[in-house]
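Taking it in order: structure first as structure tokens, then the write-up.
In the working numbering, the protein residues as written are 7 to 162.
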């Protein structure tokens, strides 16, 4: 599969989350060409402010692979990881993260993001994590409109 196909899986997972009353974020983790986790945000469902899509995907991947070391894997996430998620990605030793929408896009949709670039955070923290932006950005930004139109959850 291509990077775009993996991101489209994250986009579809996000739509699933939106339809179940969750916020518009999704993530996929791939290792050795195999999808090991695909998750959406579950903050409202679990009443857990840490239940972001990236964290949920890391939890699923670690369980699936029976390890906390996700070296050799790549994450595809519909939105630029917040500092909490980027830190979790770093601690899980994921090699690379591709994201679509930006933190500014999330803020424009009403999310009170910490406006700190994921690339800058990885660089300043001396993380080996590679951060790549812009993958399927338009489709990822469109998720915010789908979410708003669904009217099933609120931002945080």
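Even for Gly, the Cβ is constructed at its ideal location relative to N, Cα and C. The model shown is predicted, which means the values in this text are computed figures rather than measured ones.
When the options are compared against residue i, the one with the closest alpha-carbon
i: residue 103; options: 31, 118, 139; result: 139
i: residue 32; options: 25, 60, 68, 10; result: 60
i: residue 91; options: 123, 155, 143; result: 123
i: residue 46; options: 62, 146, 110; result: 62
i: residue 77; options: 37, 25, 53, 108; result: 37
i: residue 153; options: 51, 109, 13, 24; result: 24
i: residue 131; options: 14, 108, 95; result: 95
i: residue 127; options: 51, 109, 74; result: 109
i: residue 86; options: 51, 113, 71; result: 113
i: residue 93; options: 162, 21, 129, 12; result: 129
Helix, strand or coil at residue i according to DSSP, with G and I counted as helix
i: residue 118; result: coil
i: residue 104; result: strand
i: residue 93; result: helix
i: residue 86; result: coil
i: residue 142; result: coil
i: residue 151; result: helix
i: residue 67; result: helix
i: residue 59; result: helix
Host beta strand (DSSP E) of residue i (start-end)
i: residue 25; result: Unbroken run through residue 25 is the alpha helix (DSSP H), 9-25; no beta strand (DSSP E).
i: residue 35; result: 32-37
i: residue 51; result: It is not in any beta strand (DSSP E) - residue 51 instead sits in the alpha helix (DSSP H) that spans 49-52.
i: residue 99; result: Per DSSP, residue 99 belongs to no beta strand (DSSP E) and is neither H nor E.
Short Cβ contact (7 Å threshold) for residue i with residue j
i: residue 89; j: residue 120; result: yes
i: residue 159; j: residue 27; result: yes
i: residue 117; j: residue 16; result: no
i: residue 67; j: residue 35; result: yes
i: residue 106; j: residue 48; result: no
i: residue 64; j: residue 79; result: no
i: residue 44; j: residue 69; result: no
i: residue 147; j: residue 111; result: yes
i: residue 30; j: residue 150; result: yes
i: residue 141; j: residue 7; result: no
The alpha helix (DSSP H) enclosing residue i, as first and last residue numbers
i: residue 129; result: 124-130
Min CB distance residue i to chain D below 7 Å
i: residue 160; result: No chain D is part of this structure, which consists of one protein chain only.
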